[in-house]
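There are 2 protein chains.
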Amino acid sequence: MAPAIHVGPEPFEPLVKAVEAAGGEIVESLEGAEAVVWAGTEDQLGALPASVKWVQLQSAGIEPWIERIRNTPDVRFTSAVGAYASQVAEHALALLLAGTRGIARYAREHSWNPQDEIVLEGSTVAIVGAGGIGRELIRMLEPHDVEIIAVTRSGRGDTLSVEQLPTVWGNADHFVICAPATTDTEHLVGAAELEQMKPHSWIVNIARGSLIDPDALADALRDGRIGGAALDVTDPEPLPDGHPLWELALITPHVANPPSSMLRDLAKRVQENVRRYVDGAELLAPVDPEQGY
Amino acid sequence: MAPAIHVGPEPFEPLVKAVEAAGGEIVESLEGAEAVVWAGTEDQLGALPASVKWVQLQSAGIEPWIERIRNTPDVRFTSAVGAYASQVAEHALALLLAGTRGIARYAREHSWNPQDEIVLEGSTVAIVGAGGIGRELIRMLEPHDVEIIAVTRSGRGDTLSVEQLPTVWGNADHFVICAPATTDTEHLVGAAELEQMKPHSWIVNIARGSLIDPDALADALRDGRIGGAALDVTDPEPLPDGHPLWELALITPHVANPPSSMLRDLAKRVQENVRRYVDGAELLAPVDPEQGY
């Protein structure tokens with residue numbers, strides 16, 4: 001029998017179609033639903049009826065959900081980790097190039113004032129957190145003739161482990177932060193790490209604002225100790241008007257995964273996961289309540 | 001015997017070393033030189049003594065040299081076409097991503113104001129002039145899941161010919177102008193071409209300012225008829241203060257090939273061409289006086 005699946009907080013058409021294409025049956029209310037595809041925030045979703053066995057979330061980062069996930073161990077939660085990886089990696093590359101090539105600075109000028117710029121070619125780029133997004137970014141950097149240092153928690157494959165991370169800050173030219181936000185990764189980049197970077201180093205953050213100590217970053221930028229910072233995520237977020245990072249860094253307002261392409265990518269993920277659910281197969285991106293991602 | 005080669009207007013060390021590494025003998029004056037490596041402008045170089053048989057120029061575009069080249073048919077001129085291709089292609093990609101991803105706009109803002117942005121993934125990108133730079137750009141776009149339409153003069157290989165160019169403007173999403181500046185390519189993009197583009201289309205120019213009609217472009221941008229323009233080259237160049245394109249477009253001041261990496265790349269080309277000269281082999285990038293590049 002087709003599983004009864006609720007799509008909310010609104011019956012977004014691409015998601016409804018994805019559920020149906022994968023063999024699910026849409027139910028209009030949470031009551032009686034066996035699974036929920038939730039394209040809204042945590043506080044928009046009420047208490048789950050006991051019928052619900054699985055919730056598909058819309059985002060890759062699931063901090064606001066973690067308490068609920070830990071408190072409802074009988075419900076499986078899947079995140080959207082990996083679903084938007086190529087979009088976000090594309091934005092990370094855009095920020096890295098905009099930074100090194102001086103585009104962020106030139107965009108603010110109204111006078112012809114050429115300066116010597118850094119080229120990415122020949123540099124060493126550290127990918128801190130080589131999960132889905134990081135791996136996509138490594139793929140996009142392949143034709144660019146750069147050295148890659150990839151760091152993962154466990155150091156699997158060709159990557160360095162978090163234990164080796166302290167050696168990375170002084171050795172790479174540029175840094176792209178792609179790691180998940182957990183209590184372990186809070187302020188992963190602070191004053192001590194910034195101190196070791198090179199005067200031309202750019203740091204890009206497309207993960208979560210909490211991974212970089214914003215005060216230490218502002219200090220380093222104000223003193224010209226690093227080349228620059230390009231941030232799609234900030235702490236606090238939204239970045240309030242008048243915050244020093246508006247002047248000191250290149251800020252994009254969490255748009256690495258723009259709405260128009262997000263729904264398209266989420267629909268692909270929903271279709272695949274509903275298909276797996278129907279088949280009794282392993283779901284993509286199950287949330288680990290302990291690790292918090 | 002080692003050919004006597006003059007490096008000017010100054011004896012730049014990387015170029016001198018490149019000449020010597022390839023088997024040339026450096027001479028301090030133009031008199032008696034058989035070949036000249038000229039890393040300066042046309043008006044810095046006086047009349048050539050009759051001993052000079054070959055001049056290696058430092059840039060890919062050779063408009064200021066064309067009259068001299070036509071008037072001295074006994075001297076071979078080689079340009080730097082291809083020597084900086086990967087640097088310039090990297091800048092072209094940086095501009096394309098900065099444009100489509102809204103980075104040029106966000107760089108000017110001081111307030112959190114997310115908007116829906118275009119992702120490059122899934123779009124069709126036209127490379128108008130798929131020579132050395134265009135081919136490098138195509139290589140860099142490979143991991144991005146975009147359709148490429150490449151246009152060359154003759155339509156060789158997988159490319160469309162200039163005769164088919166009129167079909168391209170309405171069919172691609174974005175355009176990167178990489179064609180050489182000749183009388184044929186002046187205002188290659190004018191009002192009629194801009195008219196056919198899509199409302200979200202970005203146009204990038206890293207070739208020469210003359211390829212785009214600046215007034216027609218300013219009109220299209222002012223009316224919001226295209227997504228935007230990112231220009232590393234302008235007409236006139238330098239773009240004067242107060243020119244409307246400072247507000248309407250993303251301008252970088254001819255920095256696709258920054259000085260620090262330019263000399264390194266030119267030295268590689270000089271070494272290769274001196275080696276070929278010594279061996280009596282065909283030189284890279286001979287200038288065709290008729291075609292003007």
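From first to last, the protein sequence lines are chains A and B. The first sequence begins at 1 in my numbering and counts up by one. The second sequence begins at 1 in my numbering and counts up by one. Glycine included, C-beta positions come from ideal geometry on N, C-alpha and C. Note that the structure is a prediction, hence the values are computed from the model and not measured.
For residue i, which three-state DSSP category applies?
i, result
"Ser29(A)", "coil"
"Gly8(B)", "strand"
"Pro185(A)", "Note on residue identity: the sequence assigns Thr, not Pro, to residue 185(A). Thr185(A) falls in the coil class under three-state DSSP."
"Asn171(B)", "coil"
"Arg76(B)", "strand"
"Asn113(A)", "coil"
"Ile133(B)", "helix"
"Glu63(B)", "helix"
"Val19(A)", "helix"
"Ile127(A)", "strand"
"Ile206(A)", "coil"
"Leu217(A)", "helix"
"Val255(B)", "coil"
"Leu160(B)", "strand"
"Pro286(B)", "strand"
"Ile118(B)", "coil"
Along the alpha helix (DSSP H) that carries residue i, what are the first and last residues, could you check?
i, result
"His91(B)", "Ala85 to Thr100"
"Gln56(A)", "First-last for Gln56(A): Trp54 to Leu57, but that is the beta strand (DSSP E), not the alpha helix (DSSP H)."
"Val274(A)", "Pro259 to Asp279"
"Glu193(B)", "Ala191 to Gln196"
"Ala47(A)", "Segment: none, Ala47(A) is in no alpha helix (DSSP H) and carries neither H nor E."
"Arg105(A)", "Ile103 to Tyr106"
"Leu248(B)", "Leu245 to Leu248"
State the CB to CB distance for the pair residue i and residue j, rounded to an integer number of angstroms; the pair is presumed to be in contact (CB under 8 Å).
i, j, result
"Ala35(A)", "Ile5(A)", "5 Å"
"Pro114(B)", "His200(A)", "About 29 Å separates the two Cβ atoms, so there is no contact after all."
"Thr234(A)", "Gly209(A)", "4 Å"
"Ile103(B)", "Ala94(A)", "6 Å"
"Thr41(B)", "Pro64(B)", "7 Å"
"Gly23(A)", "Val274(A)", "7 Å"
"Ala98(B)", "Ala230(B)", "6 Å"
"Ala60(A)", "Ala80(A)", "5 Å"
"Ile177(A)", "Ala150(A)", "Ile177(A) to Ala150(A), Cβ: 13 Å. No contact."
"Val55(B)", "Val75(B)", "6 Å"
"Gly292(A)", "Thr182(A)", "5 Å"
"Leu239(A)", "Leu248(A)", "Not really, about 11 Å apart at Cβ, beyond 8 Å."
Output the boundary residues of the beta strand (DSSP E) element that contains residue i.
i, result
"Ala35(A)", "Ala35 to Trp38"
"Ile212(B)", "Segment: none, Ile212(B) is in no beta strand (DSSP E) and carries neither H nor E."
"Ile148(A)", "Glu147 to Thr152"
"Leu231(A)", "Gly228 to Leu231"
Would you say the stretch 48 to 57 of chain A touches the stretch 163 to 175 of chain A, given that touching needs at least three Cβ pairs under 8 Å? no
Anything in the stretch 174 to 204 of chain B with a Cβ closer than 8 Å to a Cβ of chain D? List those residues in chain order, please. As a matter of chain content, chain D is missing from the structure shown, whose protein chains are A and B.
Examine the Cβ distances between the stretch 133 to 144 of chain B and the stretch 89 to 99 of chain B and report whether three or more of them are shorter than 8 Å. yes
Where the stretch 237 to 249 of chain A meets chain B: residues whose CB sits under 7 Å from a CB there: Pro238, Leu239, Asp241 and Trp246
Between the stretch 116 to 133 of chain A and the stretch 151 to 163 of chain A, are three or more C-beta pairs nearer than 8 Å? yes
Residues from the stretch 115 to 138 of chain B in contact with chain A, defined by Cβ distance under 9 Å: Gln115, Asp116, Glu117, Ile118, Val119, Leu120, Glu121, Gly122 and Glu136
Determine, using beta-carbon pairs with one atom in the stretch 204 to 222 of chain A and one in the stretch 187 to 196 of chain A, whether at least three such pairs fall under 8 Å. yes
Given a limit of 7 Å on CB to CB distance, which residues of the stretch 27 to 40 of chain A reach chain B? none
Select from the stretch 75 to 91 of chain A all residues with a C-beta closer than 8 Å to any C-beta belonging to chain B, and list them in chain order. Ser86, Gln87, Glu90 and His91
Any residues in the stretch 249 to 273 of chain A with a beta carbon nearer than 8 Å to a beta carbon of chain B? Which ones, in chain order? Leu250, Ile251, Thr252, Pro253, His254, Val255, Pro258, Pro259, Ser260 and Ser261
Within 9 Å of chain A by C-beta, residues of the stretch 147 to 159 of chain B in sequence order: none
Would you say the stretch 12 to 31 of chain B touches the stretch 260 to 272 of chain B, given that touching needs at least three Cβ pairs under 8 Å? yes
Along the stretch 5 to 19 of chain A, where does the CB come closer than 7 Å to a CB of chain B? Name the residues. none
Select from the stretch 99 to 110 of chain B all residues with a C-beta closer than 7 Å to any C-beta belonging to chain A, and list them in chain order. Arg101, Gly102, Ile103, Ala104, Tyr106, Ala107, Arg108 and His110
Determine which residues of the stretch 205 to 228 of chain B have a Cβ less than 8 Å from any Cβ of chain A, and write them out in chain order. none
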